[in-house]
Structure formats: C-alpha cells, structure tokens
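Since the structure comes first, as structure tokens, the remarks are kept for the end.
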Amino acid sequence: MKRVILIWTFITFLGLSFVHAEEKKLVIQGSTTVLPIAQKCAEVFMQKHPEANISVRGGGSGVGIAALIDGICDIADSSRPMKKKEIIKAEEKGVNPEPHVIAMDGIAVIVHPSNPVNELTLTQLKDIYTGKISNWGQLGGKNQKIVVISRDVASGTFECFKKLVLKGERVRPDALLQASNAAVLSVVKRTKGAIGYVGLGYLSPEVKALKIEGVTPSQDTVLKGTYPISRPLFMYTNGKPKGLAKDFIDFVLSKEGQKIVKEQGFIPLK
Amino acid sequence: MRKVKENLIRGFFCLFASLSIFFLLGIVIVLFKEGLPIFKVTTFKEFLFGKFWYPTSEPPEFGILPLILGSFLVTFGALVISVPLGVASAIYISEIASPKIKEFIKPVIELLAGIPSVVYGFFGMVVVAPQVAKIFNLAVGLNAFTASLILGIMAIPTITSISEDAISAVPKRFKEASYALGANKWETVIKVTLPAAGGGITTAIILGIARVIGETMTVLMVAGGAPVIPHSFFEPVRTMTATIAAEMGETVVGSAHFCALFAIAIVLFLITLSFNILADILSQRFRKRLG
Chain C
1272 MKRVILIWTF ITFLGLSFVH AEEKKLVIQG STTVLPIAQK CAEVFMQKHP EANISVRGGG
1332 SGVGIAALID GICDIADSSR PMKKKEIIKA EEKGVNPEPH VIAMDGIAVI VHPSNPVNEL
1392 TLTQLKDIYT GKISNWGQLG GKNQKIVVIS RDVASGTFEC FKKLVLKGER VRPDALLQAS
1452 NAAVLSVVKR TKGAIGYVGL GYLSPEVKAL KIEGVTPSQD TVLKGTYPIS RPLFMYTNGK
1512 PKGLAKDFID FVLSKEGQKI VKEQGFIPLK
Chain W
724 MRKVKENLIR GFFCLFASLS IFFLLGIVIV LFKEGLPIFK VTTFKEFLFG KFWYPTSEPP
784 EFGILPLILG SFLVTFGALV ISVPLGVASA IYISEIASPK IKEFIKPVIE LLAGIPSVVY
844 GFFGMVVVAP QVAKIFNLAV GLNAFTASLI LGIMAIPTIT SISEDAISAV PKRFKEASYA
904 LGANKWETVI KVTLPAAGGG ITTAIILGIA RVIGETMTVL MVAGGAPVIP HSFFEPVRTM
964 TATIAAEMGE TVVGSAHFCA LFAIAIVLFL ITLSFNILAD ILSQRFRKRL G
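For the record, the sequence lines run as chains C and W.
Quick note: the first sequence, position 56, residue 1327 per my numbering, numbers continuous.
Quick note: the second sequence, position 124, residue 847 per my numbering, numbers continuous.
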C-alpha cells in the first residue's frame, strides 16, 4: 500500500511539473522567411532564460496565422500583413491579432553575372514580368530571350512584388515559378538570360543585383526608404502580448535581437 | 479464459488492420469537405478546363487544365524512358543474368527506389538541367523534358521489380514447350514469356504511372513551374502535385485558393485511384489466364 501511495505521489509531482513547464512554453509558427530570425532569437533567448521552452516551426505565413486563430500557437510569423478574410475569421473566434513589425526586408532583382544590364526602372521591370518586354536587347543588353523567374503566387515575397512592381497586374503565364528564395537564386546563377528576385539576405556574388530606379539594394537604402521594393516582416500575437510572449517579442525588438536580425541578412528597424 | 485472450488478440489485430481503412476514409472525407466549396466560386467546367491558374489575382482564376496537362506530359515522358528500360532490365534479371549477377543487380535497382526524391530533384536541378540547356541550346534547362528524364529513372525500380515478379511467375512448362518446338531463347522470351507475363507487366507500368504522377518534390524542383499549357517537351510545366506543395503553406486557410488546392488533390486522388483499380483488374485477369 505504501508503495502505491509513493508511486501516486511521484506521478502527481511529475504531472505538476508538466503543468509548471506548460506555463513557460511558447509556440511560434509561420513564414519561412521569418523562420531564421525566430529560430536564432529563440536559441539565444533560451540560453538566457533556461526555464523558457520555445518551439519554432515553419509552414508558411498562412499556416502560422491559421494556427494563431485556432489557438495552436502563441506567436505567428508572417511575411505579409493579415488578409481581410483572416481578420474576419479571427474576430469570429474571438481572437484579436496584434501585429509587431520586427524587421524590414528588401527584395533584390537579380540577373546572371554575365548580363551587361545594370539598371532597370520599375516600369521596365513590370513590363518584363507582364510580358511586354521579352528580349534583353530591348533593354540595351544582348539579343537574348529573357527567362522570367518568379516566386509561387501564394508566397509573401510574391505578394510584395505584385503590390510594389506589378501593381496588381498578372505575371506572364510562362514565367518559371520557384518555391523558395534559394531555388530562384539557384536557377538565376545557372541561366544566362534569367531574371529573378530574392530577399536581400539571399544575395550572393554568384548573381548580379540590379539597381532599381538608380538605387542599389542594400540595408542602408531600404532603411532610408530610397530603395523601392521593401516590406516589413511581422510577428502576430493574440491581443497585447503577455508573459513569455511579451518577453520574447521585447527581446526580438531589443538591441541584441535586432543584431540577430542583421546577422540573418535582414534589415534591423534601427 | 484462454478464449477471452484469443478473442482479445484477434480484436487487437483486427483494429490495427482496419486502422488504415479509417485513415483512408478520414483523408477522403477531409479532401472532399475542404475541396468541394470551390464550386461555389467557380464552375466545374471552368475549374477543369480553364486555361489560366491565377489564384491570387484580382479577380482570381482557377483553371487547372495547364496543371493537369503538365502532369500528364511529364508522366508520358517518364514512361517513354522507364518502360523500355524497366521491362528490359526485368527480362535480363529473370531470364538472362547468371544467379551471381542477378544477386548483385537486383538490390542495386531497388536501391534506386530508396533515394529520397529531394536528392533526385537537387541532382536534376544542379547537374542535369544545365546540361539539357546546353545540349538542346535552350534558354533554361528546367522543363518537362528534364523532369521526364529524372522521373523516368525514379520509376524504373517500380516497373522492374513488379515486371520481374511477373516474368518469374511464368510457368516453366510454357518455356519448355517453346524450346521443344525448336525456338531459341530470344524467340521464347519475345513470343512466349512476355505475352504470358503481359498482365503483370501492364500492372507494373500502371503502378509506375501512379508513382510518377504523384511525385512532388522532384517536379517542384526541375519542371520549371510555369502554369501554361505545354506545346513541347522543352517548355517549363507545372504539375498538380507541385502546385499543391508550393502554395498550400502560404495561402489563407479556408479561402477560395485553399479550397482550389484541395480540389486539385481530389482530381489527383481520382486519377491515381482509377489507375490502381485498373492495375487490380488487369492483374486479376492475368492470374485467371495463367490458372
């Protein structure tokens, strides 16, 4: 009998300790663009606060926001603002999503390094992507077909590009749609006539970033607001963040967190 | 007491056996529940035969004809490569190779099936696509041809191992009768063994089709991903699977786009289901003919 009591006590304590751990648990889910920031910040945050248990997952902006609305995660990463439909759905479920801008991201337009074209205007860029211009010769380059590379139409990066460059017009239907920044980079660096776009953090010497409206994409020009294709990155919480969620977002926005943002290739807010 | 135990064990295993049926049922229910609402936004005809896939434009267009054709084109191309290679390897393994070579070559071919599709995709993107572009003088090597080439290689193990089973299952007396009539080995293989194993080989090919049409990661990486109706093998295409994989994560859950992706999954499910049923019917016929 004594043993049974002992075991029960043990189990109860075990259970209690789980409940205790539950209070310090934080689930972050969403955009794959924001993922590296969230991961690195969580890592450093947990080193400083060993009692915190943060799990970070990807899945995409849409998945993260849906998870926040369903109460599955505490913080939703998103590379785009919430859509009307999502906000309505959140309200229906009594969730009040609050956006926190945690970093900026510039979208660089890239071509093969052998391409003599160095600069495009926003109008030229739009004409390339909608199909009005289809040869580099029309832009002062070699007589070569332009291979248009875009991101999948559901991605946050495309969403931003559509708004700022295409102004809502459609991408030519035969554009190659790639599923990630890395895939766009990989195609552009191997294809002489290619043009594509990636987040600033993905720029590499193997491709050439074009000046847009005369401005080189860089952390400086995005921060100053002179580079025209940039976007904010978000973390959403349900209502004003409390407890661990507040501590974490405060950490991301702190000097140390913003340093991580910069190290991951994004643009810190200050 | 013993009987109770027996029954318990029986029930236990029955539960596990039926679990997969429950899972299948659950998947089908979810597919239809999430997919069918798309037909409130668009019509059945516009969805299946629409020529443009612009799910996020204003107004959106949900035409999956380019995606269906993309899937079929890549699958057809893959079959052109994998059927001759796969069936020929099966004939070699079961009829010609010495036991020693057979013991070596069979596991090697089956090893092909064990390579993750993302590895095939990476290999295709980095090694094959630039070569294809160079050889055929194309602007870009990511197209239906490259995808077919790689998917064809991926389908070989499926086709080879099932064909090989079918060929080995041809009764020895068939072949002996052929030899007795003076036919040589080649004549026996072509005129006796292959026709006798025909049903099994057809099953192998159909399962190969199902394997290729459902493949996702590789086509996502090497097919180019442009949702246009293809006019040749050297154009980029976008398949149904790649569309679902690339867009599901980012779209608004419950939106028309979300439903459309599930509806594509329904179409894909029905296609593979019919291929599987076809394979089943054919293999049963084959058994009857031999029996």
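Ideal Cβ positions, reconstructed from N, Cα and C, are used throughout, including at glycine.
First through last residue of the alpha helix (DSSP H) which encompasses residue i
| i | result |
| --- | --- |
| A820/W | Taken as a continuous stretch (DSSP letters only), A820/W belongs to no alpha helix (DSSP H), as it is neither H nor E. |
| N1389/C | No alpha helix (DSSP H) contains N1389/C, which DSSP labels as neither H nor E. |
| L731/W | R725 to G758 |
| N1347/C | Correcting the residue type first, residue 1347/C is Ala in the shown sequence and not Asn. Premise fails: A1347/C lies in the beta strand (DSSP E), I1346 to S1349, not in any alpha helix (DSSP H). |
| I1567/C | Chain C is shown from 1272 up to 1541; residue 1567/C falls before or after that span and cannot be answered. |
| I929/W | G921 to G937 |
| V1459/C | N1452 to R1461 |
| S901/W | K895 to A903 |
C-alpha distance - residue i paired with residue j, whole-angstrom precision
| i | j | result |
| --- | --- | --- |
| I1299/C | L1306/C | 9 angstroms |
| Q854/W | D1445/C | 21 angstroms |
| G786/W | V1442/C | 15 angstroms |
| V1493/C | P1499/C | 8 angstroms |
| T779/W | S1489/C | 29 angstroms |
| K1513/C | C1344/C | 14 angstroms |
| V936/W | I750/W | Sequence inspection shows Ile at residue 936/W; the Val mentioned does not correspond to that position. Taking the straight line joining both Cα atoms gives about 19 angstroms. |
| A946/W | K1319/C | 46 angstroms |
| N860/W | W1407/C | 17 angstroms |
| K1460/C | I1358/C | 39 angstroms |
| K1416/C | A889/W | 50 angstroms |
| G793/W | A867/W | 8 angstroms |
| F1432/C | Y1400/C | 10 angstroms |
| S1457/C | K1533/C | 23 angstroms |
| M1317/C | H1371/C | 21 angstroms |
| K756/W | L991/W | 16 angstroms |
| F762/W | F1429/C | 26 angstroms |
Residue i - containing beta strand (DSSP E), residue span
| i | result |
| --- | --- |
| V1327/C | N1324 to G1330 |
| D1491/C | No beta strand (DSSP E) contains D1491/C, which is instead part of the alpha helix (DSSP H) from Q1490 to K1495. |
| F1394/C | According to the sequence displayed, residue 1394/C carries Thr and not Phe. Per DSSP, T1394/C belongs to no beta strand (DSSP E); it is in the alpha helix (DSSP H), L1393 to T1401. |
| I1420/C | V1418 to R1422 |
| L1437/C | No beta strand (DSSP E) holds L1437/C; DSSP gives it neither H nor E. |
| V1298/C | K1296 to G1301 |
| L872/W | Counting along the chain, L872/W falls outside any beta strand (DSSP E), though it belongs to the alpha helix (DSSP H) covering A867 to S891. |
Min CB distance residue i to chain W below 8 angstroms
| i | result |
| --- | --- |
| L1306/C | no |
| K1530/C | no |
| D1423/C | yes |
| E1293/C | Per-residue confidence for E1293/C stands at a pLDDT of 47, beneath the threshold of 50, marking its modelled position as unreliable; the derived number appears in the next sentence. False, the Cβ-Cβ gap to chain W never drops below 8 angstroms. |
| K1453/C | First, the residue type needs correcting, since residue 1453/C is Ala and not Lys in the sequence shown. Judged by the 8 angstroms Cβ criterion, A1453/C is not in contact with chain W. |
| V1523/C | no |
| K1354/C | yes |
| K1403/C | no |
| K1360/C | yes |
Cβ of residue i within 8 angstroms of any chain C Cβ
| i | result |
| --- | --- |
| L790/W | no |
| F775/W | yes |
| V851/W | no |
| G977/W | yes |
| E781/W | yes |
| G922/W | no |
| L1018/W | Here chain W comprises residues numbered 724 to 1014, so residue 1018/W is not present and cannot be evaluated. |
| P839/W | no |
| L943/W | yes |
Beta carbon proximity, residue i to chain D, threshold 8 angstroms
| i | result |
| --- | --- |
| E1357/C | In the structure shown, chain D does not exist; the protein chains are C and W. |
DSSP beta-bridge partners of residue i
| i | result |
| --- | --- |
| H1371/C | M1506/C |
| F859/W | DSSP, once it has assigned bridges, lists no residue as partnering F859/W. |
| L1377/C | With the sequence shown as reference, residue 1377/C is identified as Gly, and Leu is not the correct amino acid for it. G1377/C is bridged to S1501/C. |
| Y777/W | E784/W |
| G947/W | V960/W |
| I1483/C | L1391/C and V1486/C |
| N1406/C | K1416/C |
| L1447/C | I1420/C |
| I1538/C | M1375/C |
Can you pull out the residues from the stretch 1425-1449 of chain C whose beta carbon lies closer than 7 angstroms to at least one beta carbon of chain W? Residues A1425, S1426, G1427, G1439, R1441, P1444, D1445, A1446, L1447, L1448 and Q1449.
Closer than 7 angstroms, Cβ to any Cβ of chain W: which residues of the stretch 1320-1339 of chain C, in chain order? For the stretch 1320-1339 of chain C, the residues whose beta carbon sits under 7 angstroms from a beta carbon of chain W are, in order, G1330, G1331, S1332, G1333, V1334 and A1337.
Within 9 angstroms of chain W by C-beta, residues of the stretch 1457-1480 of chain C in sequence order: Residues passing the 9 angstroms Cβ filter: S1457, V1458, R1461, T1462, K1463, G1464 and A1465.
Note down, in chain order, all residues in the stretch 1365-1380 of chain C with a beta-carbon under 7 angstroms from any beta-carbon belonging to chain W. Interface annotation for the stretch 1365-1380 of chain C against chain W: empty, criterion Cβ-Cβ distance under 7 angstroms.
When you check each C-beta in the stretch 1411-1422 of chain C against every C-beta of chain W, which residues fall closer than 8 angstroms? For the stretch 1411-1422 of chain C, the set of positions with a beta-carbon nearer than 8 angstroms to some beta-carbon of chain W reads Q1415, K1416 and V1418 in chain order.
Anything in the stretch 877-910 of chain W with a Cβ closer than 8 angstroms to a Cβ of chain C? List those residues in chain order, please. The residues in question: there are none.
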